[in-house]
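Q: In the working numbering, the protein residues as written are 1 to 417.
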Amino acid sequence: MSPRSLDKRYRGISRRTREDGDQSDRGARALKLHDHVKILSQKHRGAGTREEREARDYIVRELESYGYKPSISVFPTPPTFSHTYITIYLALALSPLIALAGFRGIGVVLALAGLALLILEEELYIPLLTRLYGHLWGRETANIVVEIGTGSETIVLTAHYDSTKAAYSFNPTRVHRLGLTIKLNFASSIIVVFLTIAGSLLNSPSILIASFIASAPLLISTIILIHRELFHNYVPGANDNASGVAVLLGVAESLAKGFEDDKNKARIIIAFTGAEEVGLLGSHHLYREKQEVLRNSIVINIDNPGIGDLAFTECEGTILTWCSHEEFRKIVREFSTLKGIRTVTYKLLPTDATPLMRMGLRATSLMAFINGMIGNYHWYSDTTDKVNPENLEKAKTLVLDLLTILTKDRRSLYTEQ
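#1: Using a Cβ distance threshold of 8 Å, determine whether the segment 199–208 contacts the segment 142–162, with at least three qualifying pairs required.
#2: Tell me, please, which residues DSSP counts as bridged to residue 160.
#3: Run through the DSSP bridge pairs and tell me what residue 143 is partnered with.
#4: Select from 27, 42, 29 and 26 the residue whose C-alpha is nearest the C-alpha of residue 381.
#5: With distances taken between CB atoms, is the gap from residue 314 to residue 324 smaller than 9 Å?
#6: How big is the Cα-Cα spacing for residue 19 and residue 25?
#7: Exposed or buried, which one is residue 160 when buried takes at least 16 other CB atoms within 10 Å?
#8: Can you tell me whether residue 185 is buried or exposed, with buried defined as 16 or more other CB within 10 angstroms of its CB?
#9: Is it buried or exposed for residue 162, if we count other Cβ within 10 angstroms and need 16 for buried?
#10: Taking the alpha carbon of residue 180 as the reference point, which residue from 83, 328 and 217 has its own alpha carbon closest?
#11: Scan the segment 337–403 and note each continuous beta strand (DSSP E) run of 3 residues or more that stays entirely inside, going in chain order.
#12: Could you check what DSSP says for residue 171 in three-state terms: helix, strand or coil?
#13: By alpha-carbon positions, which one of 66, 47 and 50 ends up nearest to residue 258?
#14: Classify residue 62 as helix, strand or coil using the three-state DSSP reduction.
#15: Helix, strand or coil: how does DSSP classify residue 125 here?
#16: Answer yes if the segment 74–84 comes into contact with the segment 168–177, meaning at least three C-beta pairs across the two stretches below 8 Å, and no otherwise.
#17: Within the continuous alpha helix (DSSP H) that includes residue 299, where are the two ends?
#18: Which residues in the same chain as residue 340 place their Cβ atom closer than 6 Å to its Cβ, once the five residues preceding and following it in sequence are excluded?
#19: Terminal residues of the continuous beta strand (DSSP E) containing residue 310?
#20: Is the separation between the beta-carbon of residue 191 and that of residue 167 shorter than 9 Å?
#21: To the nearest angstrom, report how far apart residue 401 and residue 296 are at their CA atoms.
#22: Do residue 378 and residue 170 have their C-beta atoms closer together than 9 Å?
#23: For residue 195, count neighbouring Cβ atoms within 10 angstroms of its own Cβ and tell me buried if that reaches 16, exposed if not.
#24: For residue 193, which residues of its own chain have a beta-carbon under 6 Å away from its beta-carbon, when the five flanking residues on both sides are left out?
#25: Could you name the residues of the same chain whose beta carbon sits closer than 8 Å to that of residue 370, not counting the 5 residues immediately before and after it, in chain order?
#26: Does the pairing of the segment 348–368 with the segment 318–332 give three or more beta-carbon distances under 8 Å?
#27: According to DSSP, what are the bridge partners of residue 267?
#28: Counting only the same chain and skipping the five closest in sequence on each side, list residues whose C-beta sits under 7 Å from that of residue 332.
#29: Which one or two residues does DSSP pair with residue 46 in a beta bridge?
#30: Report the start-end ranges of each alpha helix (DSSP H) in the segment 194–221 that is 4 residues or longer and not cut off at the edges.
#31: Does residue 152 pass the burial test, meaning 16 or more other C-beta atoms within 10 Å, or should it be called exposed?
#32: Please name the residue or residues paired with residue 133 in a DSSP beta bridge.
#33: Just mark residue 29 as buried or exposed, buried being the case when its beta carbon has 16 or more other beta carbons within 10 Å.
#34: At the level of alpha carbons, what is the spacing between residue 197 and residue 97?
#35: For the alpha helix (DSSP H) containing residue 111, name the first residue and the last one.
#36: Does residue 148 come out as helix, strand or coil in the three-state DSSP assignment?
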C-alpha cells in the first residue's frame, strides 16, 4: 500500500473525525472510558485470583450489554512470573558450585538447562516452565473472546486485563535501569555457562569459583524476586492495563452498531487476555486455539495507552529485537504519520504482540510513553487519577480509524456512541 493510496483512504476518515461531534461529546465519551478504568482498578487483578475473575465478569457484562455473546476460554496459570525466573537464576548460579563439589556433569547440564530456559522464556517467548508452574499451582484464568463480521480480512484486537505485583526493580527511582538489568542478567548467564563448562573440562576450581562470582547479578535478581513475593503486593494496574481494556471496550461498543448494516466488511476478533503479566499466557492460549486464523490475520494489541504520548510499535523485544511483517510496518508507519503520532521499537518487557512479531506476523501494539518509559510502570502509583481520559478516547479513535483502513473500505466501520 503506497502513501498516496493510504492518504486517499484517510481523507474520508480525517473528515469524519473533524465532524465527529463537538468537544463536549468527545469529553463525555472519554469520561465513559475513564469510568471503566475506575471500576477495573478499584482492586488488583492478579492472574488466577478472585479479583481477576471479578474483572472478567465485568468485561463479560459490558460486552453482553453491547449485544455480544462472549466466549470464555479457561487455562491454568501461576500467580506470578517470579517462580520461573527464581528457578532459572538459581540453576545457573548453583551450577558451578555443583561442579566444584565433584558433580561436573550435573553442573554443566544444569547450566545449559538454565540458559536454554532463559532464552525460551525471555527471548523466544515460549513459556515451558511458566506453563508447568501453571499446572502445578492449579489456578485458572481465562480469555474473553467475541467475533463479529464475516469478511475475508481478519483483524484481531487484544488487551490483557490482569495486573502484576510491584518489585524493587520497578521502583520509580530505579525502573529506568530495568533494561540494563535484563541485559546484565543475560550476559551473566552466558558467562556462567561458558566458565562452568571450561572449569569442568579443565578440572579447574579457580575457573568454577570465577563462574560463581560471575553469577552475582543472577543472585541479586533472585533476592529481589523473593523479596517481591514476600513483601510486595499487586498494583492497581490502572494504566497497565485497565486503560487498554477500557479502550478495547470502547472499540467493541462502537463496532457493535457499526456492523449492523454490513457484516461483510471484515471478520474482527476481540480478545481480552488473562495472565499476560506472568508470561504472556493469554496470548499463547489464544494463538493455540486460533493458530490458523492468527497466522493470516492482523493483530492490534492495546497496552498501557493511558499516560503519555501514544505510539504504535513496529518492533518489540528484550535482548533480541523482533519486528512485525515489513509491509504491515509500512502501513502502520504511514498511518501514524498521517495521525501525527510516532512509531517506536519497544525494548522492555514483552507484550501480547511480541511473540507474534517473533513469528514475523502482522502485529503492532498501541502504547503510550513518557520519555521512553511506561507511566507508573508496575508500581503502586499506577492509579486511576494518573490516567488521562483524552488518551483513552484518542486511542479508541486511532484503533477504529486503522480498522477502517485495514479493511480496504473507505466507509466507516463504526458509529460513534
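By construction, the Cβ of each residue, glycine as well, lies at the ideal position given by its N, Cα and C atoms.
A: Reading it off the structure:
#1: Result no; under three Cβ-Cβ pairs closer than 8 Å.
#2: Residue pairing from DSSP places residue 160 in a beta bridge opposite 273.
#3: Looking at the DSSP assignment, residue 143 forms a beta bridge with 73.
#4: Among 27, 42, 29 and 26, the Cα nearest to that of residue 381 belongs to 42.
#5: Contact: yes.
#6: The predicted position of residue 19 is uncertain, since its pLDDT is 42 and thus under 50; no value can be drawn from it.
#7: The residue is buried, with at least 16 neighbouring Cβ atoms inside 10 Å.
#8: Of the other Cβ atoms in all chains shown, 16 or more fall within 10 Å of the Cβ of residue 185; this residue is therefore buried.
#9: Answer is buried; the Cβ neighbour count reaches 16.
#10: With distances taken between CA atoms, residue 180 lies nearest to 217 out of 83, 328 and 217.
#11: For the beta strand (DSSP E) assignment, the uninterrupted runs of no fewer than 3 residues enclosed by the segment 337–403 are, from N- to C-terminal side, 342–346 and 362–369.
#12: Note: residue 171 maps to coil in three-state DSSP.
#13: Among 66, 47 and 50, the Cα nearest to that of residue 258 belongs to 66.
#14: It is helical.
#15: Reduced to three states, the DSSP call for residue 125 is coil.
#16: No, because fewer than three Cβ pairs between the segment 168–177 and the segment 74–84 fall closer than 8 Å, the two stretches do not touch.
#17: Unbroken run through residue 299 is the beta strand (DSSP E), 298–302; no alpha helix (DSSP H).
#18: Answer for residue 340: no residue qualifies.
#19: Note, residue 310: beta strand (DSSP E), 309–316.
#20: Result no, Cβ atoms of residue 191 and residue 167 do not sit closer than 9 Å.
#21: Between residue 401 and residue 296, the C-alpha separation is close to 21 Å.
#22: In this structure, residue 378 lies near residue 170, with their beta-carbon atoms less than 9 Å apart.
#23: By the 10 Å Cβ count, residue 195 comes out buried.
#24: Cβ within range, chain order: 111 and 115.
#25: The beta carbon of residue 370 sits closer than 8 Å to the beta carbons of 307, 308 and 309 from its chain, once the five residues preceding and following it are set aside; these are given in chain order.
#26: A contact exists between the segment 348–368 and the segment 318–332.
#27: Residue 267 is bridged to 154.
#28: Here residue 332 has 312, 314, 343 and 364 as same chain residues with Cβ atoms under 7 Å from its own Cβ, once five neighbours each way along the sequence are excluded.
#29: The partner list for residue 46 (beta bridge, DSSP) reads 163.
#30: List check, alpha helix (DSSP H) in window: 205–214.
#31: Exposed, since its Cβ has fewer than 16 Cβ neighbours within 10 Å.
#32: Per DSSP, none; premise fails for residue 133.
#33: The residue in question, residue 29, is buried, as its Cβ has 16 or more Cβ neighbours within 10 Å.
#34: When rounded, the distance between both Cα atoms is 12 Å.
#35: Residues 104–118.
#36: Assignment of residue 148 by DSSP, reduced to helix, strand and coil, places it in the strand class.
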